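Here is the structure we will look at, set down as structure tokens.
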Amino acid sequence: MNLDGAAFTTYDRGEFIVGDGAGSNGAVNILAGGKLGDPGVNYNSSNINTLTKGKATVGFDGGTGAITLDGSAAATRNDVPMAFFGQGLVIGNGQNSVGSVNILSGGKVHSYTDYQIGVIYQNYVDRSALDTNVGINGGTGSITVSGTNSVWYQSGILQDYLSPWNNSTTSTDTGALRVGQSGTGELTIADNGEVRIGTATFLAETDDSGGVYKQLYSLVDHVSNGTLILGGETTGNGTLSIGGSVGGAAVAPGRLMAQTVEFGEGTGLIRFNHTSDNYIFDQFDAQYLDGPSRPSTLAIVGDGTIEAAAGRTILNENQLSFTGTLLPNTGILQINGDISTATANILAGGTLEGTGVVGSTLNTGTVAPGQTPGGSQGLASSIGTLTIAGNYTGQGGILSLDTVLGNDSSLTDKLAILGDTSGNTTVKVKNINGNGDDTIEGIQIVTVGGTSDPNAFSLAGDYVFNGQQAVVGGAYAYRLFQGSTSQPGDGNWYLRSNRIPTDPVDPDIPVDPDEPNQPIYQPGVSLYETYPQFLLGLNSLPTLQQRTGNRYWSNAGNVMLSEGADPAGAPYAPASEAGNLIEGRGIWGRIEGAHSKIDPKFSTSGENYDYNIFKLQAGLDGMLLENGAGKLIGGFTVHYTHGKAKTYSIFGDDEVSTDGYGFGGTLTWYGDNGFYVDGQAQLTWYDSDLSANDSEFTAGLDGLSLADSNNGFGFAISGETGQRVTLDQNWSITPQAQLTYSKVDFDSFNDVFGARISLDRGESLQGRLGLAVEHQNSWYNANGLIDRAQVYGIANLYYEFLEGTKVDVSGTTFANQNERLWGGIGLGGSYNWNSDKYSVYGEGAINTSLADFGDSYSYKGTLGFRVKW
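As structure tokens, this is what we get:
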């Protein structure tokens with residue numbers, strides 16, 4: 001039967017039954033404009049389909065019945081489909097009976113008991129017979145309220161049955177909705193639908209003859225002070241589903257507005273299967289029409305089950321009348337009130353969170369103390385303590401904590417257990433913007449009032465340090481310990497970032513003992529500390545000789561024929577008459593390779609490192625000025641560099657791989673008298689990948705990316721000067737000095753652990769004093785062209801004037817300084833042929849720190865080729 005408002009239908013005074021008897025299947029569809037109610041009702045002067053004064057039943061005596069109110073096509077408020085059950089309603093009555101009422105897309109149902117039946121029965125019969133019942137006498141019933149503005153109003157008995165109704169109001173008493181009273185029933189509230197249980201107030205008006213109630217059932221107000229009863233009798237099984245029904249998918253939740261949910265003597269279940277991440281069940285604002293909102297609370301009474309199947313459901317009120325079971329099961333249940341009378345059974349995939357109190361707890365899923373409003377993660381304001389007023393048993397579950405990792409007084413979620421602990425639970429700590437710090441006693445995360453099992457909790461960290469799981473906070477790493485430092489037997493659990501020194505033993509050779517409470521740094525700090533030092537190594541500048549080879553030839557290095565002699569077999573002119581040759585224009589390229597091992601003079605992390613560097617550099621030189629005093633040569637250079645550094649410390653072994661590209665300029669004055677001044681400057685852009693590796697002390701890190709494609713920049717400028725002093729026709733010495741300033745920078749970044757890395761200082765000012773001893777010679781080759789050769793040895797002293805580098809890791813400074821004074825020797829040479837058309841040159845050198853000779857060293861080689869143009 002379809003009711004769409006187009007017709008007026010009246011039924012006799014018998015009961016209204018949809019689906020009566022085995023094999024029957026009845027359906028009533030109330031569509032836009034359709035109204036279903038008691039006879040004589042005139043709803044705002046529009047047509048209304050009426051039923052009799054008898055009780056309405058949907059699904060009776062083995063039959064199947066359904067009433068559906070669908071307002072999806074309603075264009076105006078008056079088109080909304082409505083049903084009024086003035087003598088109560090039964091859905092699913094009798095064995096094998098199935099009844100359902102579905103309120104969709106704005107439909108409305110009001111079920112109550114009017115004055116006529118009320119005056120007879122309210123003091124004489126079982127009140128439950130007058131309430132709406134869903135599933136009785138072994139039947140199966142269901143109510144689904146889904147969609148915005150879809151409402152089920154459940155009220156009690158009309159009280160004002162003797163009043164003359166002339167433009168006055170009349171009210172019912174408090175109603176109850178019984179689900180699964182003595183059968184199986186389910187009430188589903190979804191997608192912003194509402195179920196309101198309580199007292200209704202009507203506008204009532206009679207006509208002059210007193211016969212027709214023109215405005216009866218026109219609601220003026222509805223107070224949600226009623227009761228939802230689940231599983232009333234021992235044979236009953238009642239379920240309240242918020243969101244999706246049992247067996248259905250999660251959908252948006254609806255709202256139950258009542259004063260109490262009461263679990264009866266049968267089986268009762270409140271099941272949350274919704275998509276909201278912030279659904280508060282036991283607090284709501286009740287509002288009807290344009291009236292003021294009423295902040296209200298909902299009490300849960302009796303022994304039943306509260307299951308969280310999907311979404312986040314929040315209980316903020318104290319619910320000490322609830323004595324059943326909290327059952328997080330693939331959903332999240334947040335408890336912020338006192339429900340210590342209930343036990344908690346957290347299933348795999350379920351989460352119990354909040355700042356309230358629960359009873360004894362079995363954890364196979366996740367316990368997450370603290371509040372998480374709106375489902376957002378990582379808010380320090382969400383931190384809190386969850387209390388278990390009983391025993392705690394872990395069955396492979398997780399304890400998830402938000403902690404601002406720092407010192408002993410750090411903000412943290414906490415689990416307070418008043419009873420005993422047993423089983424096993426994995427602790428997962430999420431750092432909430434903590435920069436890390438030294439701890440003494442540790443950050444307390446679990447308190448135990450009873451017996452504390454030493455195996456009850458174990459940390460799942462970011463990596464393993466010294467055989468124990470560790471979690472990273474800023475520059476520090478934290479491990480989990482039972483007992484504080486001063487009271488190791490207190491039974492509580494702490495996160496500590498300090499190393500515990502081992503008990504001393506009598507060594508064969510005395511050594512310094514470990515200092516107590518030394519911090520544990522995270523595995524990336526040694527690399528972050530080294531990073532600017534490595535970039536400075538990539539940013540270094542060559543000497544003039546290394547860059548272009550020899551371009552000043554004199555004495556035996558500049559052979560020429562005697563004036564007027566024949567070329568073949570003629571004697572050479574004396575070297576003193578040959579003059580000096582300064583090469584000018586040229587295109588050149590060179591490669592450089594270097595390996596360095598550094599044991600720093602000072603390192604916050606106690607690290608040492610080594611690195612390899614490969615460089616390609618090319619240049620174009622041209623003569624800018626020439627006069628009797630010498631030549632001025634300018635040049636433009638481009639370069640590529642690649643390097644890889646590895647760091648080693650007790651906190652971890654790391655590496656960085658860097659590529660650099662850039663350009664530069666050079667300007668050199670070659671005096672005819674052997675004096676020279678060289679200046680060079682270069683700019684380089686760097687791209688680096690930083691990663692961590694396993695070591696003797698760490699595990700679980702191999703190949704872990706700390707940061708990818710970190711951009712850096714380097715600037716370097718150098719000035720060098722020297723004077724060649726002739727010893728004889730072939731030999732000369734050249735004292736020389738060079739001063740190089742280099743500065744590097746890199747973009748601040750957050751590493752894989754969330755630590756913030758930024759550069760504090762990345763500069764170097766290095767001086768070099770050198771003495772080169774060289775031998776030159778030249779000759780005519782078989783083609784009558786001049787070939788030249790130079791071989792030299794050089795000794796250098798290096799001194800660093802600045803204080804090394806500094807890096808900030810989440811507020812903690814890591815400094816690194818190499819030994820200031822170094823020494824080195826090198827051997828190199830140049831060979832020109834075909835009258836300086838081509839030249840090849842190179843140098844090999846080894847350097848070492850002089851303070852701890854050989855602890856830090858480097859060796860490098862360069863090879864170049866130049867063509868005159």
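With the UniProt record's numbering, letter number 115 in the sequence shown gets 115, and the count goes up by one each step, no holes.
Think of the CB as a built atom: it goes at the ideal place given N, C-alpha and C, for glycine as much as any other residue.
Quantities reported herein were computed from a predicted structural model and do not represent experimental measurements.
With which residues is residue i paired in a DSSP beta bridge?
i    : result
V791 : H775 and G829
M257 : R196
S839 : N832 and R866
S241 : T188 and R271
N730 : For N730, which the question treats as bridged, DSSP gives no partner whatsoever.
R585 : Per DSSP, none; premise fails for R585.
R590 : Q617 and G864
Only counting the same chain, and skipping five residues up and downstream in sequence, which positions put a Cβ closer than 6 Å to that of residue i?
i    : result
T726 : S732
K615 : E592 and T641
V367 : L352 and L399
Hey, out of the options, whose CA is closest to residue i's CA?
i    : options                   : result
G349 : V367, L405, A342 and T330 : T330
L69  : F60, D79, K108 and Q95    : K108
I417 : T403, T387, N435 and I440 : T387
G390 : R271, T447, Q469 and D659 : T447
G59  : F697, G99 and L36         : G99
A252 : G238, S276 and Y611       : S276
D438 : R479, G324 and L269       : R479
G861 : A851, N847 and K414       : N847
Y798 : I825, S409 and W779       : I825
S835 : E774, T172 and N781       : N781
Y521 : A594, R585, T604 and N558 : T604
N627 : R271, L240, G664 and G671 : G671
G829 : A308, S858 and H775       : H775
G141 : H110, S105, V151 and N93  : N93
Should residue i be labelled buried (16 or more other beta-carbon atoms within 10 Å of its own) or exposed?
i    : result
I596 : Before going further, note that residue 596 is Ser rather than Ile in the sequence given. Buried, since its Cβ has 16 or more Cβ neighbours within 10 Å.
T234 : exposed
T199 : buried
F16  : buried
W822 : buried
G370 : buried
Q545 : buried
N550 : buried
R496 : buried
Q680 : buried
W779 : exposed
R585 : exposed
F853 : exposed
P600 : buried
M257 : buried
L162 : Confidence in L162 is poor, its pLDDT being 42 and thus under 50, which makes the residue's placement too unreliable to answer from.
Q181 : buried
F534 : buried
N123 : Caution applies to N123, whose pLDDT of 41 falls short of 50 and renders its modelled position unreliable; the value that the coordinates give is listed next. Result: exposed.
By Cβ distance, which residues of its chain are closer than 8 Å to residue i, with the 5 residues on each side in sequence left out?
i    : result
Y838 : N832, F865, R866, V867 and K868
N492 : Q444, V446, T447, V448, S452, Q482, G483 and S484
V301 : T260, V261, E262, F263, S321 and F322
If you drop the 5 nearest sequence neighbours on each side, which residues of the same chain put their C-beta closer than 7 Å to that of residue i?
i    : result
G662 : H639, Q682, L683, T684 and W685
G175 : Y112, D131, Q154, S155, G156, I197, G198 and G226
S709 : D687 and D689
E803 : Q817
T530 : E607, Y609, A645, T647 and N816
I383 : G370, D402, L411, T412 and D413
A707 : L690, F749 and D751
G19  : N25, G26, V58, G59, F60, G63, T64, G65 and G99
G210 : Residue placement at G210 is flagged as unreliable, the pLDDT there being 41, under the threshold of 50; the coordinate-derived value follows with that caveat. Contacts found: none.
N316 : I280, D282, Q283, N336 and G337
A456 : G394, T421, S422, G423, N424 and T425
D855 : D599 and S849
Using a Cβ-Cβ cut-off of 8 Å, state whether residue i counts as contacting chain C.
i    : result
Y780 : Chain labels in this structure do not include chain C; a single protein chain is all it has.
| said: Could you tell me which whole beta strand (DSSP E) segments of length 3 or greater appear in the segment 594–653? | reply: 608–627 and 630–649
| query | Curious, which full-length beta strand (DSSP E) runs of at least 3 residues does the segment 273–330 contain? | reply | 283–286, 294–297, 299–301, 305–310, 312–315 and 325–328
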